[in-house]
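The structure appears right after this line, and notes come after that.
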Amino acid sequence: MLPQDALVGMITYGKNVNVHERTNTEANAFSCFNGAKSYTAAQVQKTLGLLSNDLRTRPDQTLVEQYPGARYIGDMAHCEFQFTLIFEQLLQDSFPLPKYSRPERCTGAAITVAQGILESCFPKSGGHILVFTGGACTHGPGKIVGTALKEPIRSHHDIGNDSAKYYKKAKAYYDTLAKRAASNGHTLDFFIGSYDQVGMSEMEALPHMTGGSVILSDSFSTAIFKQSLQRFFVKSPGIELDFALNATLEVKVSKELKVLGLVGHATSLNTKNASVGDREVGTGATTAWKLCSAASNSSYAIYFDMANTNSQTSAHTPLCYIQYIMHYQHADGTMRLNVTTVSRAMMQLGQQVSESFDQEAAAVIVAREAVSRILKDDSFDAVMWLDKTLVELCTKFGDYRKADPSSFRLSTHLSLFPQFMFHLRRSPFVQVFNNSPDESAYIRHVFLTEQVSNTLVMIQPTLTSYSLDRDPEPVLLDSVSIKPDCILLLDTFFHILIYHGSQIADWRRLGYHERDDYEYFMEFLELPRQEAAEILVDRFPLPRFIDTEEGGSQARFLYSKLNPTTSYKTDAAKAATNAGAVILTDDVSLQDFMKYVNEAVVKEA
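Here the sequence shown is numbered in the UniProt record's numbering, starting from 1 and rising by one per residue.
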């Protein structure tokens, strides 16, 4: 997966941190660090004997041997065999472990040692630290839970009540490491194989500020993890290591615009000038950002505002200009500069803004700002903010009569926006119910990475219906779409689910698809699987695949996403048996939600 000239090193950790040598082919030699301590770059440099280039260079040395740390880091061609032997000989810690205890794991200390090596060997240069963890940090700095199994790992409830014993201290520690990594242009990627939480909530600043990837799976041996790991290295078909390192993104605008901020995996370079707006969105108060790592699928939302110019000036400047300047180190080592300049028409007084309104992009922009606010402040009421934003937009661009909710109308350019907000306020990006803190941190991290089309799928999943007498067709994400003679394919980005209606499930249990005279039924059952396979081609990380049926335990993944038009409280569910599935929920349906929005809009008028 790695090219032969890629520079690699290996660190293993348990109770202590071990930095393995690559030059000793006769034995597994390594330097050991105390896992209970945090280390600076100077301490790591002194312990490992990392001398500067001018003290190490000799005429007979190769280019790779001349840099500091050549004893521990080398090109893949020379290290692969040695590191493979080390992997095969790895053993669990021999330190005694009391019964009913978690293993001692010093993840926080291991990260500081890895950072110290990179800062000593490759300061201010792009690089990746790949953190593989199979459990929570229970020892040393960054500890999130004790070793005793009777001590539970913190939940959202504990964090909200400020009763999580280690949370604030651990989060502050990892935030400091994230700033340290970002200032040097180093990226941290996390590969998690554990049924339990590992502390992603505390460590979320590390991949967020450095643009790292996160793969969350139940075990390192699962197919999802293995294939996601492969796609991490080959994100574009036929191209190895297609990503940028240690990049800077600068935005220049004409005087008609102000830059409010950026929402994405980046840190501020504190470049302040006349183009900086008064309001901050995400990472604001700057016009330049540090992107430690960026891939072809990376996405960033940059927010602008109109400058305070008079109408006469605006009338004579129908166009505004935006220039994006990205300077980065490519994975092949070359330095590159990418400059993109765009012009956009300025809306004149009296023109209808709604006619050029992109409701899909607007939904993603609003969702990103909501997630950004949640990451900054756990107590932020995102649902109330989303409702207020929706009511303000509908009040300004809707067509209605005062005090008459039934008169409210939206143009076709905005008609889907309330629907997006309805699903967004129920999504795991805003709600934390039924998710652990680690799962919430993971899905929000992926959400801020993906492009508009994938983000829309996360906000409002797609639902496709398959029937024996009709071609496959997209259907409403609604409980009325569930039919006994149909198969549904749900794509939430994180899950791909195939749901078989009661009649289809009965035929499948009776084995009709195995009979020669029912070959058409076998082909019918394969249709959604073929579509699911096409979805998986370019999806990273790989989603979880679920095959279920009506009454199955995993059908809850589908029911939780549907608009509950036919819930146990509605008359439609009681009046007809073919009105769709009855959803056992107290959530408000989209129809009731729009009634409340209409009432709020005409009341505000």
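Just so it is clear, CB atoms sit at the ideal spot from N, CA and C, and this is done for glycine as well.
Computed from a prediction, not measured in an experiment: that's the story for all the values here.
Within the continuous alpha helix (DSSP H) that includes Asp399, where are the two ends?
Residue numbering aside, residue 399 sits at position 399 when the sequence shown is read from its first letter. Per DSSP, Asp399 belongs to no alpha helix (DSSP H); it is in the beta strand (DSSP E), Asp399 to Arg401.
By DSSP's criteria, Ala247 is part of a beta bridge. Which residues make up the other side?
As a working note, residue 247 is residue 247 in the sequence shown. Its beta-bridge partners are Leu291.
Using the Cα positions of Thr389 and Phe408, report the straight-line distance between them to the nearest angstrom.
Start at 1 with the first residue of the sequence shown, and residue 389 comes out as number 389. Start at 1 with the first residue of the sequence shown, and residue 408 comes out as number 408. Using only the alpha carbons, I get a separation of about 17 Å.
My output table needs one value for Glu550: the three-state DSSP class, helix, strand or coil.
On the sequence shown, position 550 is the one that residue 550 refers to. Correct three-state label for Glu550: coil.
What would DSSP say about residue 615, mapped onto helix, strand or coil?
In the structure as shown, the chain begins at 1 and stops at 605. Residue 615 is therefore absent and cannot be evaluated.
Run of the alpha helix (DSSP H) containing Glu439, from where it starts to where it stops
Numbered from its first residue, the sequence shown carries residue 439 at position 439. Unbroken alpha helix (DSSP H) run through Glu439: Pro437 to Phe447.
What ranges does the alpha helix (DSSP H) occupy inside the region 352-381, keeping only unbroken runs of at least 4 residues that lie completely in it?
Within the region 352-381, the complete alpha helix (DSSP H) runs of at least 4 residues are 359-376.
For Leu416, collect the residues of the same chain with a Cβ closer than 7 Å to its Cβ; drop the 5 residues on either side in sequence, then sort them by chain order.
As a position in the sequence shown, residue 416 is number 416, starting the count at 1. Counting only Cβ-Cβ distances below 7 Å, and skipping sequence neighbours, we find Gln359.
I need the straight-line Cα distance from Leu206 to Ser94, nearest angstrom please.
Position 206 of the sequence shown, counted from the first residue, corresponds to residue 206. Position 94 of the sequence shown, counted from the first residue, corresponds to residue 94. In a straight line, the C-alpha of Leu206 is about 30 Å away from that of Ser94.
With DSSP run on the structure shown, which of helix, strand or coil describes Met335?
For the purposes of this step, residue 335 is taken as the residue at position 335 of the sequence shown. Met335 falls in the strand class under three-state DSSP.
Excluding the five sequence neighbours on either side, which residues of its own chain have a C-beta within less than 6 Å of the C-beta of His20, listed in chain order?
Working through the sequence shown from its first residue, we reach residue 20 at position 20. The beta carbon of His20 sits closer than 6 Å to those of Met10, Phe30 and Ile86, all from its chain and outside the five residues before and after it, given in chain order.
Here's the rule I'm using: 16 or more other beta-carbon atoms within 10 Å means buried, otherwise exposed. How should Leu337 be labelled?
As a working mapping, residue 337 is identified with position 337 in the sequence shown. The residue in question, Leu337, is exposed, as its Cβ has fewer than 16 Cβ neighbours within 10 Å.
Does DSSP put Thr47 in a helix, in a strand, or in coil?
Counted from its first residue, the sequence shown places residue 47 at position 47. Correct three-state label for Thr47: helix.
Residue range of the unbroken alpha helix (DSSP H) whose run includes Asp175
Looking up residue 175 in the sequence shown gives position 175. First-last of the alpha helix (DSSP H) with Asp175: Tyr167 to Asn184.
According to DSSP, is Asn16 helix, strand or coil?
As a position in the sequence shown, residue 16 is number 16, starting the count at 1. Note: Asn16 maps to coil in three-state DSSP.
Would you kindly report the start and end of the unbroken beta strand (DSSP E) that includes Gly261?
Along the sequence shown, read from residue 1 onward, the residue named residue 261 stands at position 261. Start and end: Leu257 to Val263.
Could you give the DSSP three-state label for Tyr198: helix, strand or coil?
For the purposes of this step, residue 198 is identified with residue 198 of the sequence shown, where counting begins at 1. Here residue 198 is Val; the residue named in the question, Tyr, does not match the sequence. DSSP places Val198 in the coil class of the three-state scheme, outside both helix and strand.
Between which residues of its own chain and Tyr173 is the CB-CB distance below 7 Å, once the five residues before and five after are set aside?
Looking up residue 173 in the sequence shown gives position 173. Closer than 7 Å at the Cβ level, and outside the excluded window around Tyr173, lie Gly108, Pro141 and Gly142.
Starting from the N-terminal side, write out each stretch of the alpha helix (DSSP H) that is 4 residues or longer and does not extend beyond the region 468-514.
502-509
Buried or exposed: Leu468, going by 16 or more other Cβ atoms within 10 Å of its Cβ?
Locating residue 468 in the sequence shown gives position 468, where the first residue counts as 1. Exposed, by the Cβ-count rule.
When DSSP labels each residue in this structure, what does Asp75 get in the three-state scheme?
Translated into the one-based positions of the sequence shown, residue 75 becomes position 75. In the structure shown, Asp75 sits in a strand (DSSP, three-state: E or B).
Would you report the Cα separation of Lys376 and Ala6, rounded to the nearest angstrom?
For the purposes of this step, residue 376 is taken as the residue at position 376 of the sequence shown. For the purposes of this step, residue 6 is taken as the residue at position 6 of the sequence shown. Spanning the two alpha carbons is a distance of roughly 36 Å.
Enclosing alpha helix (DSSP H) for Arg425 [first to last residue]
Reading the sequence shown from its first residue, position 425 is the one you call residue 425. Looking at the DSSP string, the run of the alpha helix (DSSP H) that includes Arg425 is Phe417 to Arg426.
In chain order, which alpha helix (DSSP H) runs of at least 4 residues are fully inside the region 200-229?
200-203 and 205-210
State the Cα-Cα distance for the pair Lys258 and Ala295, rounded to the nearest angstrom.
Locating residue 258 in the sequence shown gives position 258, where the first residue counts as 1. Locating residue 295 in the sequence shown gives position 295, where the first residue counts as 1. Looking at the two C-alpha atoms, the distance is approximately 27 Å.
Determine, using beta carbons only, whether Ala136 and Gly199 come nearer to each other than 8 Å.
Within the sequence shown, residue 136 is the residue found at index 136, counting from 1. Within the sequence shown, residue 199 is the residue found at index 199, counting from 1. Closer than 8 Å, so yes.
Would you call the CB atoms of Phe493 and Met458 closer than 8 Å?
Start at 1 with the first residue of the sequence shown, and residue 493 comes out as number 493. Start at 1 with the first residue of the sequence shown, and residue 458 comes out as number 458. It is a contact, given that the beta carbons lie within the stated cut-off.
In whole angstroms, give me the CA-to-CA distance for Ser38 and Phe433.
Taking the sequence shown and counting its residues from 1, one reaches residue 38 at position 38. Taking the sequence shown and counting its residues from 1, one reaches residue 433 at position 433. Straight-line Cα distance between these residues: approximately 35 Å.
Does the distance from the CB of Ala382 to the CB of Ile374 come in under 8 Å?
To locate residue 382, count along the sequence shown from 1; it is residue 382. To locate residue 374, count along the sequence shown from 1; it is residue 374. Yes; because the gap between Cβ atoms is below 8 Å, this pair is in contact.
If you measure from the beta carbon of Asp218 to each beta carbon in chain D, is any gap under 8 Å?
Included in the structure is just one protein chain, with no chain D present.
Contact between the region 274-284 and the region 217-229: three or more CB pairs below 8 Å?
Taking 8 Å as the limit for Cβ pairs, the verdict is that the region 217-229 does not touch the region 274-284.
I'd like to check one pair, Ile583 with Ser479: are the Cβ atoms closer than 8 Å?
Position 479 of the sequence shown, counting from 1, holds the residue named residue 479. Position 583 of the sequence shown, counting from 1, holds the residue named residue 583. Yes. Within cutoff.
Output the distance between the C-alpha atoms of Tyr596 and Lys402, rounded to the nearest integer angstrom.
Here residue 596 corresponds to residue number 596 of the sequence shown, with the count starting at 1. Here residue 402 corresponds to residue number 402 of the sequence shown, with the count starting at 1. Cα to Cα, the separation comes out at about 15 Å.
Can you tell me whether DSSP reads Ala110 as helix, strand or coil?
Taking the sequence shown and counting its residues from 1, the one referred to as residue 110 is at position 110. Helix.
Helix, strand or coil at Met306 according to DSSP, with G and I counted as helix
Counting from one through the sequence shown, the residue named residue 306 turns up at place 306. Here Met306 sits in strand by DSSP.
Residues of its chain near Arg425, where Cβ-Cβ distance is below 6 Å and the 5 sequence neighbours each way are ignored:
Here residue 425 refers to the residue found at position 425 when the sequence shown is read from its first residue. Once the five neighbours on either side are set aside, the close Cβ partners of Arg425 are Val383 and Leu386.
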